[in-house]
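Chemist: Residues -19 to -1, 1 to 486 (mature numbering (1 follows the signal peptide of the UniProt record, and there is no 0)) are what the sequence shown spells out, left to right.
Glycine residues also receive a C-beta, built at the ideal position from the N, C-alpha and C atoms.
One structure coming up, written as structure tokens, with questions to follow.
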Amino acid sequence: RRALLPSLILLKAARFSQLCFSLAAAHSTSTPQIALYSLVRHRRPQKERLFFCVTAIKMGKEKVHINIVVIGHVDSGKSTTTGHLIYKLGGIDKRVIERFEKEAAEMNKRSFKYAWVLDKLKAERERGITIDIALWKFETTKYYCTVIDAPGHRDFIKNMITGTSQADCAVLIIDSTTGGFEAGISKDGQTREHALLAFTLGVKQMICCCNKMDATTPKYSKARYDEIVKEVSSYLKKVGYNPDKVPFVPISGFEGDNMIERSTNLDWYKGPTLLDALDNINEPKRPSDKPLRLPLQDVYKIGGIGTVPVGRVETGVIKPGMVVTFGPTGLTTEVKSVEMHHEALQEALPGDNVGFNVKNVAVKDLKRGFVASNSKDDPAKEAANFTSQVIIMNHPGQIGNGYAPVLDCHTSHIAVKFSEITTKIDRRSGKEIEKEPKFLKNGDAGFVKMIPTKPMVVETFSEYPPLGRFAVRDMRQTVAVGVIKAVEKKDPTGAKVTKAAAKKK
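And the structure:
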């Protein structure tokens, strides 16, 4: 019982915490406490208990994980639609939903039932209350889906660009009501912007939801649906999508039409429901065959173990015994062990958030933003300069040569200088409009040569997508977004190689 106190989970019950964390990872709904409780309650011999855990982990890993980003104009119904999916298919505890519903009723917000679920989660997340990431997950027949950013989140665009994780599919929500659709697709609307961003950032699969079909005139109007499909298809084609491969699903995120089950109100529609469309997504290919790139999020010193950098494997694999080089400094050492959810791994693959123990390296020698790579396979190096394709999104004035904002690229956050704007291009067709323009302003796109003010690692978007896209931050907002087209690298001078690494070379 004493081990059940949350504060003691990690400290006193090391063995149990190891078991229960892996179990929690396997079942999105079980928090460590629930898992631990269920382990303690099963009064079985230790071996059986361990077996009980391992089978749970195996069961949990059968489905493929995919990441979904929900995009669309303000008030198109993103929160309601996402909330509905999470509510019906997700890992939200029934008691939590009942609590939210009761609060919603007290505040006369019954009409926002599904959005309310999401708003509550968002509010708690923004107040710094850690929301179990399981709450942002839902399950289809084929996939475990994670909503990688809740719509309407303050840093939505920044997160979409720097990509806490790369989205495998974008779900574009369109308001089908009179006036609603027109506002979203207009020049000032976000429908176009979001679709363009999704394509620029490498989200190649898209599902379009014609939402609020219960509020069209007349209700559930096929004519309105056809009109929207025609207009949005022609725009998506300009952006770069193949509209024939994009399903357009008429739905009501609030009433539930065509979300999970086929709706009799829309019997003229013969295509997939939203749930079917998600199941029809092509399984993403994870880039495990590429050279290793693992941007560091943090570095810890753990007593009795040593230095443990932590981060997410973006490409390649990392395994014990591997000799790794950290860019931009070129520090080279051997990996002693790799762990995820308190379990030792024989290898970690793209998408895994891991901690790994390195030999003879002080914590001060590594920082957030450094990138671990395989010393024998295209090791990460410092960028002397790089050329990017940039879209200016939100700058009050003009951007000229010499502008020095902060660049958020993977986990690094470093000021860079726009040393030379080489060309201005048409952002939709990519054709050159002007050579060596004096400046770029809102809505413009161009190629810019950039020089980091401190050592940093970046890569081309074509080779290593997560390290080749960035957000430009200034005045506490995202001013521009971009992808890196070419990088000129520096060879490290006088980089430290630990004895263990030297022996292996």
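In terms of residues, what are the limits of the alpha helix (DSSP H) holding Lys203?
Modeler: Counting along the chain, the alpha helix (DSSP H) containing Lys203 begins and ends at 203 to 220.
Chemist: Of the choices Leu255, Met194, Lys185, whose alpha-carbon is the least far from that of Ile67?
Modeler: Nearest option by C-alpha distance: Leu255.
Chemist: Measure from the alpha carbon of Pro377 to the alpha carbon of each residue in Gly424, Phe367, Phe399, Lys345, then state which is nearest.
Modeler: It is Gly424.
Chemist: Does the Cβ-Cβ distance between Val227 and Cys189 come in under 7 angstroms?
Modeler: Cβ distance < 7 angstroms, so Val227 and Cys189 count as in contact.
Chemist: Beta carbon of Ile402, beta carbon of Val439: below 7 angstroms?
Modeler: Taking 7 angstroms as the Cβ cut-off, Ile402 and Val439 do not qualify as a contacting pair.
Chemist: Once DSSP output is grouped into helix, strand and coil, what is the label at Ala164?
Modeler: Three-state DSSP puts Ala164 in a helix.
Chemist: Compute the distance between the beta-carbons of Val387 and Arg450, then report whether it is under 7 angstroms.
Modeler: No, the Cβ-Cβ distance between Val387 and Arg450 is not below 7 angstroms.
Chemist: Do you know how far the Cα of Gly64 is from the Cα of Lys83?
Modeler: Going from the Cα of Lys83 to the Cα of Gly64 covers about 16 angstroms.
Chemist: Just how far apart, CA to CA, sit Met437 and Thr296?
Modeler: If you take the alpha carbons of Met437 and Thr296, they lie about 18 angstroms apart.
Chemist: Should Met456 go down as buried or exposed, given a rule of 16 or more other Cβ atoms within 10 Å for buried?
Modeler: Met456 is exposed by the Cβ-count criterion.
Chemist: Should Asn338 be labelled buried (16 or more other beta-carbon atoms within 10 Å of its own) or exposed?
Modeler: Buried: at least 16 other Cβ atoms inside 10 Å.
Chemist: Would you mind stating whether Lys123 and Thr158 have Cβ atoms separated by less than 7 angstroms?
Modeler: Not closer than 7 angstroms, so no.
Chemist: Could you tell me which residues DSSP puts in a beta bridge with Asp279?
Modeler: According to DSSP, which records beta bridges pairwise, Asp279 is partnered with Val291.
Chemist: Cα separation between Met187 and Val55?
Modeler: Straight-line Cα distance between these residues: approximately 19 angstroms.
Chemist: Excluding the 5 residues preceding and the 5 following Ser214 in the sequence, name in chain order all residues of the same chain whose CB lies nearer than 7 angstroms to its CB.
Modeler: These residues qualify, in order along the chain: Pro224.
Chemist: With a threshold of 16 other CB atoms inside 10 Å of the CB of Ser167, please say whether the residue is buried or exposed.
Modeler: Answer is exposed; the Cβ neighbour count stays below 16.
Chemist: Measuring CA to CA, which of Asp270, Tyr281, Thr434 is closest to Val298?
Modeler: For Val298, the nearest C-alpha among the options comes from Asp270.
Chemist: Pull up the distance between the alpha-carbon of Leu259 and that of Thr181, whole angstroms please.
Modeler: Near 21 angstroms, if we compare the C-alpha coordinates of Thr181 and Leu259.
Chemist: Using only CA atoms, which one of Thr368, Ala482, Tyr250 lies nearest to Lys203?
Modeler: Ranking Thr368, Ala482, Tyr250 by Cα distance to Lys203 puts Tyr250 first.
Chemist: Could you compute how far the alpha carbon of Val50 sits from the alpha carbon of Tyr125?
Modeler: Their backbone Cα atoms lie some 14 angstroms apart in a straight line.
Chemist: Comparing alpha-carbon positions, which option in Lys266, Ala482, Thr197, Thr127 lies nearest Asn341?
Modeler: The shortest C-alpha separation from Asn341 is found at Ala482.
Chemist: Comparing alpha-carbon positions, which option in Met321, His391, Ser318, Arg173 lies nearest Arg349?
Modeler: Selected option, being the one with the closest Cα: His391.
Chemist: Assign Leu330 to one of three DSSP states: helix, strand, or coil.
Modeler: Correct three-state label for Leu330: coil.
Chemist: Mind reading off the beta-carbon distance from Asp407 to Ala452? Whole number of angstroms is fine, and I expect it under 8 angstroms.
Modeler: Not quite, the Cβ-Cβ distance comes to about 22 angstroms (not below 8 angstroms), so this is no contact.
Chemist: My output table needs one value for Thr181: the three-state DSSP class, helix, strand or coil.
Modeler: Three-state DSSP puts Thr181 in a helix.
Chemist: Report the residue from Gly183, Pro199, Lys266, Gln327 whose alpha carbon sits nearest the alpha carbon of Val316.
Modeler: Out of Gly183, Pro199, Lys266, Gln327, Gln327 has the C-alpha closest to the C-alpha of Val316.
Chemist: What's the C-alpha gap between Lys345 and Lys484?
Modeler: Rounded to the nearest angstrom, the two C-alpha atoms are 24 angstroms apart.
Chemist: CB-CB under 7 angstroms to Ile155, same chain, minus the five flanking residues each way: which ones, in chain order?
Modeler: So the qualifying residues of the chain are Gly53, Ser57, Phe162, Gly165, Thr172, Cys189, Cys190, Cys191, Asn192, Ile209, Val213.
Chemist: Taking Lys59 as part of the alpha helix (DSSP H), name the residues at either end of that continuous run.
Modeler: 59 to 70 is the span of the alpha helix (DSSP H), which, as asked, contains Lys59.
Chemist: With a cut-off of 8 angstroms on the beta carbons, I'd call Lys398 and Met431 a contact; round off their distance for me.
Modeler: Sure, about 7 angstroms apart at Cβ, within 8 angstroms.
Chemist: Does Ser443 pass the burial test, meaning 16 or more other C-beta atoms within 10 Å, or should it be called exposed?
Modeler: Ser443 should be labelled exposed.
Chemist: By the DSSP assignment, the beta strand (DSSP E) with Ile153 in it spans what residues?
Modeler: A small correction: the amino acid at residue 153 is Leu; Ile does not occupy that position in the sequence shown. Residues 150 to 156.
Chemist: With distance defined between alpha-carbon atoms, name the residue in Tyr206, Ser393, Lys362 nearest to Val468.
Modeler: Comparing Cα-Cα distances from Val468 to each of Tyr206, Ser393, Lys362, the minimum goes to Lys362.
Chemist: Have a look at Arg274 and Asp195 and give me their C-alpha separation to the nearest angstrom.
Modeler: The straight-line gap from Cα to Cα measures roughly 47 angstroms.
Chemist: So Ala343 is in the beta strand (DSSP E); what residue range does that whole segment cover?
Modeler: No beta strand (DSSP E) contains Ala343, which DSSP labels as neither H nor E.
Chemist: Buried or exposed for Pro447, going by 16 or more other Cβ atoms inside 10 Å?
Modeler: Its Cβ being crowded by 16 or more others within 10 Å, Pro447 is buried.
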